[in-house]
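Mind the numbering: the sequence shown is residues 58 to 614 in my numbering, read in order. Using N, Cα and C, we set each Cβ at its ideal position, and we do this for glycine too. Presented below is the structure to which this report refers.
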Amino acid sequence: MEKKQFKAESKRLLDIVVNSIYTNREIFLRELISNASDAIDKIYYKTLVDDSLVFEKDNYYIKVVLDKKNRVLKIIDTGIGMTKEELDENLGTIAKSGSLQFKKENTLKDGYDIIGQFGVGFYSAFLVADKVAVITKAFGSDKAYKWESQGVDGYTIEECEKDSVGTEIILNIKDNTEDENFDDYLDEYRLRYIIKKYSDFIRYPIKMDMNRKRLKDGSENEYEDYIEEETINSMVPIWRKNKNELTDEDYNNFYFEKHYGFDKPIKHMHLSIDGAVRYNAILYIPEKIPYDFYTKEYEKGLELYSNGVLIMNKCGDLLPDYFGFVKGIVDSEDLSLNISREILQHDRQLRFIAKNIKNKIKKELENMLKNERDKYEIFYKSFGRQLKYGVYSDFGANKEDLQDLLMFYSSKEKKMVTLDEYISRMPQEQKYIYYAAGESIERIDKLPQTEIVSDKGYEILYFTDDVDEFAIRMMMKYKDKEFKSVSSGDLGIESEEKTQESDEKENKELFEAMKDILSEKVKYVKSSKRLKTHPVCLSNDGDLTIEMEKILNSMPT
Ligand code: ADP
Ligand code: MG
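Shown next, in the form of structure tokens:
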């Protein structure tokens, strides 16, 4: 029998998996069970679209079988199975989602952590097994095949016998080492615990034979052993469960399980909406920007289910761009399963859900801002920019949704403040919301133009992000107060005794000489009412401030 080599990328990953010093080996079971569940999903889906097939619920399950004596653990499913070609293709090459992990591995130093939190798919079997066999029979095929591998040195495929359609994964569990106890994975109670922890919401029953004891018939103190098959998972998807039954850890586990991010989510939301359109959703606000967030590859969207069956992995229409960082799933019984992508966009129910979700996220962020300020500031550090882009885009159409979520550094408070907080501190006579734009807080602190405004006792918002001034211009006003750059011509502050005109006359010759020397560097030199202790400042009289001009000039044309 010919031995085939793994494709190069798969081989490297396998290498990492096999050789990792690794504490979280137990996730192999989660990966194998989720593959089994996917395989049953695929059969289920076939029966949905083909009227000649029926889905007999009881015929579909996952079974975990233990043979302690021979150190064998089997994961059996009644899913769609694999043809010979599929075996070769799927298990000889790393799957797509797996390769994403792999890429990520290259950007982080400690690759093992990744395996710790995230799946590496099928290959995770090698975390606990020194030999893995897959016996499978594909739906619609009368031949069965056996794939076998002892790790990096390759795999074999041969024909074999199998009665029913589906797949059996057979693991030869490693021997114990000095530091690690692999017997754990041959212990039914340990396995039950792992299944409960990671796979409780799998929609098909995960069964296992449990050894139990009971009193012998008629006896009061004599026990006998017996075996009982138990369905271990509750099968209720996490989003259908009652919030009260779930812990933060459950939600975090689901976040990891779904590969939503490498961070811990800063907030989760669990929605059960029972209105005009019914839906359940679990949404996460991540703490950190995903590494690919600002690349073309990043795709916003939520997983979309219709009554428990996956319709789409990333439904972008469910999230506005400015909340594109939100992760999660939506399940609605009011959506049709056979809905196509194009129809989806125009679907009334879906639009309703999208709007509802947008409002919920907004509310959640507002609550966080109000009640958990520290957390909000961490969030804002990661995604504030996104919110500001939201205000700027669509010609300010999202202003109402976002303006109360914005924060800027304040000259007075020396920390981030909201626009509402700014307004509430404004002295009666102050007409405008003042801001100053610059590269950094330190730079703005030294801007001559800020002095006169600060001296009046007015607070200044510091704009250090490219998008800030553009966003604010789009807003124009906040609660009827206009924004005003400290560099603008009319500051709305009472002028000093000396008029600009007399000043200009007195210094005419000096200004002309200065302009001569500076020549092309400035348009003109004139007297300013905006200076206090600083001798000069730069100013412009166009519509754009100097900072905005800088940004526009730096953009590729
Ligand atoms: P992923 O599940 O992310 O695609 P995996 O490495 O877990 O990646 O699995 C690779 C592929 O192998 C799957 O996409 C699937 O096509 C196939 N596969 C794995 N396990 C099974 C199974 N139990 N039944 C049918 N196909 C399977
Ligand atoms: Mg998988």
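Look up residue 279 in the DSSP assignment and say whether it is helix, strand or coil. When DSSP states are grouped into helix, strand and coil, residue 279 belongs to the coil group.
Take the Cβ of residue 124 as the centre, count every other Cβ of all protein chains shown within 10 Å, and call the residue buried at 16 or more, exposed below. exposed
Could you give the first and the last residue of the continuous beta strand (DSSP E) run that contains residue 335? That run of the beta strand (DSSP E) goes 335-342.
How many angstroms separate the CA atom of residue 58 from the CA atom of residue 285? 40 Å
How about residue 378 and residue 412: are their beta carbons less than 8 Å apart? no
So, helix, strand or coil for residue 274, using DSSP? It is coil, neither helix nor strand.
Just verifying my parser: in three-state terms, what is the DSSP assignment at residue 346? coil
On the three-pair Cβ rule with 8 Å, is the stretch 190-204 touching the stretch 135-148? yes
Reducing DSSP to helix, strand and coil, say where residue 196 ends up. coil
Rank 507, 523, 70 and 524 by C-alpha distance to the C-alpha of residue 517 and give the top, closest one. 507
Can you check the stretch 387-450 for any alpha helix (DSSP H) of at least 4 residues that lies completely inside it and give the ranges in chain order? 398-403, 405-428 and 430-449
How many Å lie between residue 185 and residue 85 at the Cα? Answer to the nearest angstrom: the Cα atoms are 8 Å apart.
Distance, Cα to Cα, residue 415 vs residue 380? Rounded to the nearest angstrom, the two C-alpha atoms are 8 Å apart.
Report yes or no: do the stretch 179-193 and the stretch 223-234 share at least 3 C-beta pairs separated by less than 8 Å? Taking 8 Å as the limit for Cβ pairs, the verdict is that the stretch 223-234 does touch the stretch 179-193.
Less than 7 Å between the CB of residue 92 and some heavy atom of the ligand GDP, yes or no? Looking for the ligand GDP in the displayed structure turns up nothing; the ligands present are the ligand ADP and the ligand MG.
Thinking just about the alpha-carbon of each residue, which of 259, 276 and 475 is nearest to the one in residue 288? 259
For residue 325, list the residues DSSP reports as bridge partners. 341
Based on DSSP bridge pairs, tell me the residues matched to residue 190. 205 and 227
Simplified DSSP assignment, three categories, for residue 180: helix
So does residue 365 have its beta carbon nearer than 7 Å to some heavy atom of the ligand MG? no
Based on the DSSP secondary-structure assignment, which residues constitute the bridge partners of residue 331? Note: residue 331 sits in a beta bridge opposite 335.
Three-state class that DSSP yields for residue 507 in the structure shown: helix
Out of curiosity, what's the CA-to-CA distance linking residue 472 and residue 436? Between residue 472 and residue 436, the C-alpha separation is close to 15 Å.
Quick one: does the C-beta of residue 434 sit closer than 7 Å to a heavy atom of the ligand MG? Distances between the C-beta of residue 434 and the heavy atoms of the ligand MG are all 7 Å or more.
Are at least three pairs of beta-carbons, each pair with one atom in the stretch 115-129 and one in the stretch 238-251, less than 8 Å apart? Yes, since at least three Cβ pairs between the stretch 115-129 and the stretch 238-251 fall closer than 8 Å, the two stretches touch.
Report yes if the C-beta of residue 326 is less than 7 Å from at least one heavy atom of the ligand ADP; otherwise report no. no
For residue 178, verify whether its CB is less than 7 Å away from any heavy atom of the ligand MG. yes
Have a look at residue 180 and residue 292 and give me their C-alpha separation to the nearest angstrom. 25 Å
Just to confirm, is the Cβ distance from residue 528 to residue 448 under 8 Å? yes
Quick one: what does DSSP say residue 606 is sitting in, helix, strand or coil? helix
Looking only at its own chain, which residues have a Cβ that is under 8 Å from the Cβ of residue 349, when we skip the five neighbours before and after it? 355
Is it right to say residue 342 is buried, meaning 16 or more other beta carbons lie within 10 angstroms of its own, or is it exposed? buried
Pairs of beta-carbons, one from the stretch 247-257 and one from the stretch 209-224, closer than 8 Å: are there three or more? no
How would you write the range of the alpha helix (DSSP H) that residue 216 sits in, first residue to last? That residue, residue 216, is in no alpha helix (DSSP H); its beta strand (DSSP E) goes 212-217.
Confirm the yes/no value for this check: CB of residue 187, any heavy atom of the ligand ADP, distance under 7 Å. no
Whether residue 63 touches residue 211 by CB criterion (8 Å): yes
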